[in-house]
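Asker:
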Amino acid sequence: MDRVREWLTFFSNSGQTDSGVSVIREELGKVSVPGVETAALQAEFDAATSNPNPATRKKLAAELLKKLPSQ
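Mapping of the sequence shown onto numbering that gives the first Met the number 0: position 39 corresponds to residue 38, and the numbering continues sequentially without gaps.
#1: Looking only at its chain, what residues have a beta carbon closer than 7 Å to the beta carbon of G28, apart from the 5 residues adjacent to it on each side?
#2: Taking only the alpha-carbon atoms, compute the straight-line gap between R57 and K66 and give it to the nearest angstrom.
#3: Would you identify the three-state DSSP class for V35, choosing helix, strand or coil?
#4: So the alpha helix (DSSP H) L27 belongs to, where does it begin and stop?
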């Protein structure tokens with residue numbers, strides 16, 4: 000979980016993806032968030048990482064980050 004939060008924090012600040020995208024997506028699939036399906040989290044991640052607009056990528060990543068438990 001820390002790894003996912005760290006990567007999303009970097010991504011929400013920079014809007015830049017790196018080679019960790021597939022690993023982080025897989026890790027996100029192991030995250031349990033009450034009231035949110037894992038597939039929905041992954042869909043939001045995919046939308047954020049594939050968006051062509053850097054500002055939108057950052058915004059979507061920040062929104063996803065807020066949904067993740069702090070620990």
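Quick reminder that beta carbons are idealized off the backbone N, C-alpha and C, glycines included.
Answerer: Reading off the structure:
#1: Same-chain partners within the cutoff: T37, Q41.
#2: Sequence inspection shows Lys at residue 57; the Arg mentioned does not correspond to that position. Between K57 and K66, the C-alpha separation is close to 15 Å.
#3: If DSSP states are grouped into helix, strand and coil, V35 belongs with the strands.
#4: Going by DSSP, L27 is part of the alpha helix (DSSP H) stretching over 20 to 27.
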